[in-house]
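Residue numbers (the working numbering), protein chains in the order written: chain G, 593 to 1086; chain V, 593 to 1086.
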């Protein structure tokens, strides 16, 4: 059947979809979520059918295409294309098998991941896979196969070094900026640590957002390797490199219900480590009310999962369980967190000691894994001698930043509001999710200078008129939104 | 926040969605699938957030609304509306509980059904519910609660009669038009049978499509009750009445993977029966390759489910398991099926005997349930005496049709193609899903006269040059599509 393209002027952000009028769909006996092949000249793309009931959005004789499909076919409004019925993706059968409780084999898992990566599944279909993996938890071998499939259907970076270090913190804790201290510390010890990090999705800043305050973070795999070859380490944005691309699409479908299938979480993290050829990895599981993992039991279960998966992947992993009851560091938001990091590396007196202690512990664990003697003392030495800071300067320079920048030079939002204590007391609780939410409303992470600075942490004594925290924003309206939200939510009890 | 409406010119067909530009969403810290309240004047609607990454589809300062939301707010392009963040629907928490293996209580199930009926759940969220009900099969009590919730969140029709009869065939079998024979037969016996039927979704004709060839099928609940009061029975389209409205939305999400959660199936069917206050119900489960239920074991399991659910609902149910290995009757498609039905009722010599036998059996089972003596003989009498036909004429007349129409008067598609046998043989198999598919491509059910007439059934002897089947279509192009498909698929082996 020949149809005329209608540019729908919308990007779906993934799934490849075409809209047919009800009448044209009936001619080929097509239903919603059936598949068709759309052909323009030599180009052909298999897409999911959606059906327009009225001629208003797509009249008979036309086919509504979204940006992704237009790009793939190199098609424009009013172009002619031909369509034919196509089979549903093979993976639907395998997803159904998983729903029914069967164990998936290598080929089946690879096909599912392939269809996810290539946008062949609708959101409903992908949701069935995630739901099935959640309820019918993937067994250790399936998790291993999923990890390998996710990694190998993206790029794999090889480094001619051993060991190759990596770290990961299970998310959910604002300000937890250990990567930016740990990478220069580990690299200063002569170890290789090619670190890729994410941008924030729901937090006030991801490592990539905070690092971007100091340097560029978008590099090709080739450029990234060059930096690592010279500096031993880097801190770049993983999104610029095609590592384990199925992962983001799966996460998108997990968010609405806030579920986190353990096997998916394991595969998601370890696939990215596998993609950069890591050999020694430290994993930090913060536990607490504001963190992703709520209690020690859950953390220990997850720890076992990481250890089992790492063995199958021939990787060395060490899992530490840390305090996740409150934010780490003082600053929340890209610029404020970058200031915290530089203060630790530059040995400022007012540096956030909780962040420093955590980084030293993680470095020591890694050093021990790599058979470095006196690992904790070694970590302290590298930090106190300025070796770690000099390494950070080298990395910043290689990533096109200004290596001489001082913490106080980093600009913060011009509009600010400081909350003072109205009475004497002791900080009893700090609501991490409210902290995150307010920092985001103030503009973080898009506005680098926006966020929240904490003068007090849990257990600290507070005197009347003491500063409690300052909210920074880059516009007065955003500051107003943040203050309005603060009135409703509150952050600190004392 | 105040925004200007952009009419997106698309109907989502359900879920209430608004598209915000990325920048506006950031101001309120909103993410995809969060909820907002949109207010215009006194009207307010809670909708799901979708985020436009580029300003092309929705620029900052605007809000893209789909038809359902525009209607609900009585809003038009360029109107001003205000938005505020809203909570996610309560039912998400309950769906998550079900995913995690908990048993849902009455309040939780009612909330989920309410949110489904009112389009408050995204497709992803609804899919999680269906997946959870599929894997973590609802227990008998949950199924009962779901049935009651689905029924009571629509209209409930009451009839001051006892018993109130109903019937249901588990779908999948083309031509299985028992309702149109059974309703007049049962009504002729003086029993009340207020039958609502569906239109086809994936088959060549639903009962409502075939009945529409003879009479109107869209009636209000009030008009339907009037017909039943006079004629004891009716054959109307359930879609015109607001019965168990959650059902269709659930079915939509089940289709992509072709799964059929047994508890959902039970609740779906029984909720509609409960909505019309049925007391005595016969349920037909055809088994066979082309039918929804493939084997006897599955049918027996389903039978038990129906019986247990009916007991809880204080309804009498009888389940029969029948042959579903081939289409029932000779005609496939609305007009051809209506011809079959009239031929049975009018005692034509060439009437489809398989359809007649099945209807007599079902009537006899129902009569027995209602303590009518000699039930099978009674059914035969009502059919042979013409009492059932006269009752059908009365129903057709009350539904604004022509009661004097003859089978041969019902128009068929002008374009036809007959396939003849190329050799002698015996029909070994008849592919029901290919029959359906080809009948649909020929134009059924939208084109009433389109479809397929079978001269031979399984086990019949075939002589060279015998007619095997005729395809009817209302346009030459549709006949061509159907013939092209026939070449690829085939229907009969002999």
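Glycine included, each C-beta is placed from N, C-alpha and C at the ideal position. This one's a predicted model, so the numbers in the text were calculated from it and none came from an experiment.
- If only uninterrupted alpha helix (DSSP H) runs of at least 4 residues are considered, those enclosed by the region 886 to 927 of chain V are 888 to 904.
- For residue 705 of chain V against residue 838 of chain V, the beta-carbon gap comes to about 5 Å, under 8 Å, which counts as contact.
- DSSP lists no bridge partner for residue 694 of chain V.
- Under the Cβ criterion (8 Å, minimum of three pairs), the region 724 to 737 of chain V does not count as touching the region 753 to 773 of chain V.
- Counting along the chain, the unbroken alpha helix (DSSP H) around residue 779 of chain V starts and ends at 771 to 780.
- Shown here for residue 930 of chain G: same chain residues with a beta carbon closer than 6 Å to its own, the five before and five after excluded, namely 802, 805, 806, 1002 in chain order.
- Each residue's CA atom was taken as its position, placing residue 666 of chain G and residue 635 of chain G some 8 Å apart.
- Secondary structure in the region 1012 to 1059 of chain G: the alpha helix (DSSP H) runs of 4 residues or longer, each lying completely within the stretch, are 1024 to 1033 in chain order.
- When 7 Å is used as the limit between beta carbons, residue 972 of chain V is near no residue of chain G, the shortest such separation being about 39 Å.
- Going by DSSP, residue 818 of chain G is part of the alpha helix (DSSP H) stretching over 813 to 823.
- Nearest CB-CB separation between residue 848 of chain G and chain V: below the 7 Å threshold.
- Pairwise C-beta distances place the region 650 to 667 of chain V in contact with the region 601 to 616 of chain V, as three or more of them are shorter than 8 Å.
- By the Cβ criterion, the region 642 to 650 of chain G is not in contact with the region 671 to 682 of chain G, since fewer than three pairs of Cβ atoms, one from each stretch, lie closer than 8 Å.
- Residue 1020 of chain G and residue 1028 of chain G have their C-alpha atoms spaced approximately 18 Å apart.
- Between residue 885 of chain G and residue 898 of chain G, the beta carbon gap of about 12 Å keeps them out of contact (Cβ cut-off 8 Å).
- Counting C-beta pairs with one atom in each stretch, the region 916 to 929 of chain V and the region 942 to 957 of chain V have three or more that are closer than 8 Å, which means they touch.
- The alpha-carbon separation between residue 952 of chain G and residue 1084 of chain G amounts to approximately 28 Å.
- Sequence-distant partners of residue 1005 of chain V (beyond 5 residues in either direction) whose C-beta falls short of 6 Å from its own C-beta, in its chain, are 1041, 1042, 1064, 1065, 1066.
- DSSP places residue 613 of chain V inside the beta strand (DSSP E), whose first and last residues are 609 to 613.
- Under the three-state reduction of DSSP output, residue 681 of chain V falls in the coil class, being neither helix nor strand.
- Residue 668 of chain G carries a coil assignment under DSSP once its states are collapsed to helix, strand and coil.
- Judged by DSSP secondary structure, residue 761 of chain V falls outside any alpha helix (DSSP H) and instead within the beta strand (DSSP E) spanning 757 to 761.
- The beta carbon of residue 714 of chain V is closer than 7 Å to those of 607, 625, 640 in its chain, skipping five residues each way along the sequence.
- Residue 656 of chain V sits in a strand when the DSSP states are folded into three classes.
- Neighbours of residue 845 of chain G across chain V, judged by C-beta separation under 7 Å: 716.
- Listed by position along chain G, the residues whose Cβ is nearer than 8 Å to that of residue 618 of chain V are 1032, 1035, 1038.
- Residue range 785 to 789 is occupied by the beta strand (DSSP E) that includes residue 789 of chain V.
- Here residue 1064 of chain V carries a strand assignment [DSSP, helix/strand/coil].
- Proximity of chain G to residue 851 of chain V at the Cβ level (cut-off 9 Å) is accounted for by 688, 691, 692, 720, in chain order.
- Counting the other CB atoms within 10 Å of its CB gives residue 633 of chain G a total below 16, which places it among the exposed residues.
- Between residue 943 of chain V and residue 933 of chain V, the CB-CB gap reaches or exceeds 7 Å.
- Closest in alpha carbon position to residue 861 of chain G, among G:843, G:1047, G:848, G:1022, is G:843.
- Taking all protein chains shown into account, residue 1053 of chain V has fewer than 16 neighbouring C-beta atoms within 10 Å of its C-beta and is therefore exposed.
- Contact between the region 771 to 780 of chain V and the region 983 to 1001 of chain V is established, with three or more Cβ pairs separated by less than 8 Å.
- Taking a C-beta distance under 7 Å as the contact criterion, residue 784 of chain G and residue 756 of chain G qualify as a contact pair.
- Around the beta-carbon of residue 793 of chain V, fewer than 16 other beta-carbon atoms lie within 10 Å, marking it exposed.
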